[in-house]
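Residue numbering for the sequence shown follows the working numbering, beginning at 123 and increasing consecutively. Beta carbons are placed, not taken as given, at the ideal position from N, Cα and C, and that holds for glycine.
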Amino acid sequence: MKKIFLSVVALIAFAVGATAQTEATYNYLDKTYTLNEDGSTTLRVRSSLTYNTMSSFFSLFGETFIEYNPEFQSLTINECYTRQVDGTIIAAPANAFNEVLPRHSADAPAYNHLKEMVVTHTGLELGATAFLDYTITTSADMLSGELDFTEVISQYACDVRNLSITVNLPKGKTLRYGVVEANGKCAGEKQLTGSYTWKWSKV
């Protein structure tokens, strides 16, 4: 029985304890990792982000950057729209999606094949909420049919009210994972099979 290794670095100071209003707020941020029967993997990300300040959409969070390697990965935008304060829905137009070379690859010819999808959120205003749903699929050849990743929860630059990380495994696979909290304490290594979801919520 093959085992899949996962380190969930759950630095739980990811704004759970914050009291002041931040520039923007993730109402939810959901990440789902799936190891498919054919050995390929998918990462699906769903988010709802509300803009609290003018700078949040003019300079900080008006765009989302999704990096991937087209040699063994494909990107699908499942849904992208903005709900304005009065309830008006603004669907992202075709020109809201633009592929560029990642900035860190500019002076590195060996990495010039990498892609970064720049998603420009439209119809933004104070109190507007941007919804984004996308999937990155990685071929089985890249990871040899295994799933290995680390999530650092403290990386998010704004308030996160509800965060969930889900792992889906095919029959016969076992996941080994560890959780490290903000104080450096490790919850210990555990194993699971099937599907599992970690959830954090700000009260």
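Would you check if the distance between the CB atom of ALA146 and the CB atom of ASN174 is smaller than 7 Å? A contact, by the Cβ cut-off of 7 Å.
Any chance the stretch 223-231 sits against the stretch 160-177, with 3 or more Cβ pairs inside 8 Å? Taking 8 Å as the limit for Cβ pairs, the verdict is that the stretch 160-177 does not touch the stretch 223-231.
State the CB to CB distance for the pair TYR148 and PHE271, rounded to an integer number of angstroms; the pair is presumed to be in contact (CB under 8 Å). So it is not a contact: roughly 20 Å between Cβ atoms.
Measure how close the beta-carbons of LEU191 and LEU236 come, nearest whole angstrom, since I'm counting them as under 8 Å. The question names Leu, but residue 191 in the sequence shown is Asn. Right, their Cβ atoms sit about 6 Å apart.
Tell me the DSSP secondary structure of ALA252 in three-state form. In the structure shown, ALA252 sits in a strand (DSSP, three-state: E or B).
What does DSSP give as the partner residue(s) for ALA213 in the beta ladder? ALA213 is bridged to TYR203.
Can you check whether the CB of ASN284 is closer than 7 Å to the CB of SER317? Not closer than 7 Å, so no.
Give the straight-line distance between the Cα atoms of THR172 and ALA250, rounded to the nearest whole angstrom. Cα to Cα, the separation comes out at about 6 Å.
Taking its Cβ as the centre, do 16 or more other Cβ atoms sit within 10 Å of ALA216, making it buried, or is it exposed? Counting Cβ neighbours within 10 Å, ALA216 comes out exposed, since fewer than 16 surround it.
What are the boundary residues of the beta strand (DSSP E) that LEU165 is part of? It spans 163-173 - the beta strand (DSSP E) in which LEU165 sits, taken as one unbroken run.
From this set, LYS295, PHE253, LYS321, ASP208, which residue's C-alpha is nearest THR315's C-alpha? THR315 has its Cα closest to that of LYS295, out of LYS295, PHE253, LYS321, ASP208.
What does ASN290 pair with, by DSSP beta-bridge criteria? Looking at the DSSP assignment, ASN290 forms a beta bridge with THR156, SER317.
Is ARG298 helix, strand or coil by DSSP? Secondary structure of ARG298 (DSSP, three-state): strand.
Is the beta carbon of SER266 less than 7 Å from the beta carbon of ASP152? Not a contact, by the Cβ cut-off of 7 Å.
Let me know if SER181 comes out buried or exposed under the rule of 16 or more other beta-carbons within 10 Å of its beta-carbon. In summary, SER181 is exposed, with fewer than 16 beta-carbon neighbours lying within 10 Å of its beta-carbon over all protein chains present.
Whole angstroms are fine: how far does the CA of SER261 sit from the CA of SER196? Per the coordinates, the alpha-carbon of SER196 lies some 9 Å from the alpha-carbon of SER261.
In the DSSP assignment, find the unbroken beta strand (DSSP E) run with THR85 in it and report its ends. Here the chain covers residues 123 to 325 and nothing more, so residue 85 does not appear.
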